[in-house]
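For the sequence shown, the working numbering assigns the number 13 to the initial residue and increments by one for each residue that follows. Report on the structure given below.
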Amino acid sequence: MAETTHPSDYRKVIIHQITGDFRTSTRVVKEAWRAPQAGEVVIRNEFAGVNAIFDKNLCRNSVRYLKVTPPFDMGIESVGRIVAVGPGVTHLREGDAVAASRLGSGYRAFQIAAASKVISVRDPTAETLALIPTGISAMVGLERIGEVRDGETVAVSAAAGGLGHFVVQFAKLRGCHVIGITGSDDKVTLLRKLGVDRPINYRRENVREVLETEYPKGIDLAYDSVGGEIFDAFVDHVAFRGRVIVSGHTSDFDKEVELVPQAHAYRKLYWKSASIRGFQNQAFPEYFDETAARLLQLFHDGKLQVLIDPTPFVGLDRVADAVEHLLAGRNTGKVVVRLR
């Protein structure tokens with residue numbers, strides 16, 4: 013972008029105080045424009061992804077591997093177009109569509125990024141945003157951490173959510189029998205359209221009873237982001253050499269640790285040679301680029317559906333609304349904010 017056409021400043025969302033609540037912890041402020049340095053590009057963000065649990069944990073200063081000191085930039089994944097290129101960058105140019113995923117780069121009108129860290133995409137759409145990095149989390153968790161095998165029985169919690177709807181599709185591509193847990197009849201219908209073999213509306217059916225009666229041999233692989241009673245049911249019904257992936261615990265992330273009077277987990281796992289495996293996407297950067305390329309190819313080949321939550325959130329002033337929408341569990345698919 014020519015020097016005479018770029019803005020003198022732009023808006024972004026920051027944490028300005030730690031309250032534990034996203035809306036009261038954050039505000040929109042202005043940041044002065046700066047030109048990209050060597051190896052950098054400037055991106056005009058068009059969509060930003062919402063990661064409400066992580067966002068709220070930042071506002072509580074309860075992310076164990078980092079300390080939040082206000083002012084603290086917010087947002088992670090985004091898609092947009094390059095508007096300025098720094099010296100030494102030869103593989104990208106102004107106008108290119110790219111995806112970026114870095115803490116502090118999402119909830120803002122423009123971002124400066126290392127050219128080596130962005131991913132070229134066909135178009136900066138909401139669907140592309142959902143694939144990177146949420147789709148990456150689904151695929152890496154299922155394949156690398158869960159070591160899914162063709163034809164296994166796979167259970168997925170929050171199966172109609174931004175992460176879960178990818179997990180169920182990847183499992184179906186491997187010929188697996190998929191159990192999808194969700195919280196409404198409309199979402200059950202959606203899961204059937206995605207190929208889920210046994211949708212369970214946990215508000216109408218008891219998950220534990222369904223697993224006991226319909227799956228006496230157990231679950232080979234469970235992908236859980238909910239925790240609580242769902243996690244307990246998965247552990248109790250894991251099959252011989254089965255795996256339970258923990259990618260979050262939305263049911264109790266903001267509650268005190270609950271002391272549950274039951275048998276130690278090792279008594280449930282040892283005799284089955286089963287395992288529980290924790291997974292955070294950012295801990296496995298070595299898989300990011302290769303997985304992103306596979307995901308984009310599946311999507312462009314028409315083999316992967318991307319569900320974007322239909323509720324419109326436009327502009328940085330609506331980020332708090334989007335976070336609260338997701339925290340309330342009202343979403344179907346990935347929640348995004350349109351920034352332009």
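Ideal Cβ positions, reconstructed from N, Cα and C, are used throughout, including at glycine. These numbers were taken from a predicted model, which means no experiment stands behind them.
Which of helix, strand or coil does DSSP assign to Glu221? The three-state secondary structure of Glu221, taken from DSSP, is helix.
CA-to-CA distance, Ile212 to Thr194, given in whole angstroms: Between Thr194 and Ile212, the alpha-carbon positions lie close to 6 Å from each other.
If you pair each beta-carbon of the stretch 124-139 with each one of the stretch 99-116, do three or more pairs fall below 8 Å? The stretch 124-139 vs the stretch 99-116: in contact.
Where Leu217 falls, given that 16 or more other Cβ within 10 Å makes a residue buried: Looking at the sequence shown, residue 217 is not Leu but Glu. With fewer than 16 other Cβ atoms within 10 Å, it is exposed.
From Gly147, Thr140 and Cys71, residue whose alpha carbon lies closest to that of Phe300: Comparing Cα positions, the closest option is Gly147.
Check whether the Cβ of Arg342 sits closer than 7 Å to any heavy atom of the ligand NAD, and report yes or no. As far as ligands go, the structure on display features none, and thus does not contain the ligand NAD.
Can you name, in chain order, every residue of its own chain whose Cβ lies under 7 Å from the Cβ of Asp21, other than the five neighbours on each side? Taken in chain order, the residues that qualify are Lys42, Glu43, Ala44 and Trp45.
Could you give the uninterrupted runs of the alpha helix (DSSP H) lying entirely in the stretch 93-160, keeping only those of 4 residues or more? Within the stretch 93-160, the runs of alpha helix (DSSP H) that reach at least 4 residues and sit entirely inside it are, in chain order, 138-142 and 148-152.
Whether or not the stretch 280-290 and the stretch 305-325 are in contact is what I'm after, with contact meaning three or more pairs of Cβ atoms, one per stretch, closer than 8 Å; do they touch? Output reads no: the stretch 280-290 does not touch the stretch 305-325.
Length of the line joining the Cα atoms of Gly10 and Met151: Since the first residue of the chain shown is 13 and the last is 352, residue 10 is not available in this structure.
Are the stretch 226-242 and the stretch 251-258 touching by the rule of at least three beta carbon pairs closer than 8 Å? Taking 8 Å as the limit for Cβ pairs, the verdict is that the stretch 251-258 does touch the stretch 226-242.
To the nearest angstrom, how far is the alpha carbon of Gly341 from that of Ala109? Using only the alpha carbons, I get a separation of about 31 Å.
DSSP bridge partner residues for Ala167 (one or two, in chain order): DSSP output for Ala167 lists Ile191 and Ala234 as bridge partner(s).
Taking Gly118 and Ala142 to be in contact with their CB atoms under 8 Å, please state how far apart those CB atoms are, rounded to whole angstroms. Not quite, the Cβ-Cβ distance comes to about 13 Å (not below 8 Å), so this is no contact.
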